[in-house]
Structures are given as structure tokens and as C-alpha cells.
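S.K.: One structure follows; several queries about it will come next.
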Amino acid sequence: MPGVAVIIKESIKHHELEKHPKEYLQATSVRVNDGGNGLTVSVIYCLPRCKVDDNKFTEFFRTLGSRFITRGDYNAKHTFWGLKLITTKGRDLFKSANKIKA
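For what it's worth, my numbering labels the leading residue of the sequence shown as 187, then goes sequentially.
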């Protein structure tokens, strides 16, 4: 499976969180110490043919804490983010985002 990385400037206080190396979703995350509750920044990759349902997405998002930004290649298409079609994975990602009020 391809690797993912978060590149963060040395002067920003942070620590790496446990990796999420599942067969359906790979993620690398860091917690940035911003003086408050912290902010998690996560980069993910989902293989195009791997099945990831809304519960798996939600389970992953909940590991990131209450404040997070996640970015990456979800291989999930949905009209909500400007694409012309909706895939099953896109529908599940959209459903999960609504569940967690993202």
C-alpha cells in the first residue's frame, strides 16, 4: 500500500499519533499543540477498490479527537464536492461526515 506523510515545520510543537494502517485506509496523523485542546492534522489514502463503509470512516474520524483536519485521497466521488457522480464510497464518506457534524 502506498505511504502517506505529514510534513510539519520543526518550530511547530507537535507529536505523531499512532498510525492507522488498515487494509482499507492508511493514515498518518500529528497533534499540533496550539495552546488549547490541540489540533490533529491527518493525511489518508484509501485504495480505490477497498470497501470502506460509513462506520469505518466514522470510527477513524473519532480517533482524531474533537478538532481535526484530514486530507488525502479517499477515492470517494460525490456531487457534494463538485464531481459528476456519486460512488458507494463517496456516499459513505458523506454520510460519515454528516454523522460527526463535519
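Every residue gets a Cβ at the ideal spot worked out from N, C-alpha and C, and that includes glycine.
#1: Closest by CA to V190, which one among H201, I198, H206, K199?
#2: What residue range is occupied by the uninterrupted beta strand (DSSP E) comprising S282?
#3: Taking the C-alpha atoms as reference points, what is the distance between A213 and D259?
#4: Where P234 and H264 are concerned, what is the direct C-alpha to C-alpha distance, given to the nearest angstrom?
#5: R217 by DSSP, collapsed to three states: which one?
#6: Have a look at I272 and A262 and give me their C-alpha separation to the nearest angstrom.
#7: Which two residues bound the contiguous beta strand (DSSP E) that contains F254?
#8: With D278 and V238 assumed to form a contact (beta carbons below 8 Å), what rounded beta-carbon distance in angstroms separates them?
#9: Closest to S252 by C-alpha separation, out of K195, R217, L211, would be which residue?
M.R.: Result, derived from the coordinates:
#1: H206
#2: From DSSP, S282 is part of no beta strand (DSSP E) but of the alpha helix (DSSP H) over 274-285.
#3: 10 Å
#4: 14 Å
#5: strand
#6: 8 Å
#7: 254-259
#8: 7 Å
#9: R217
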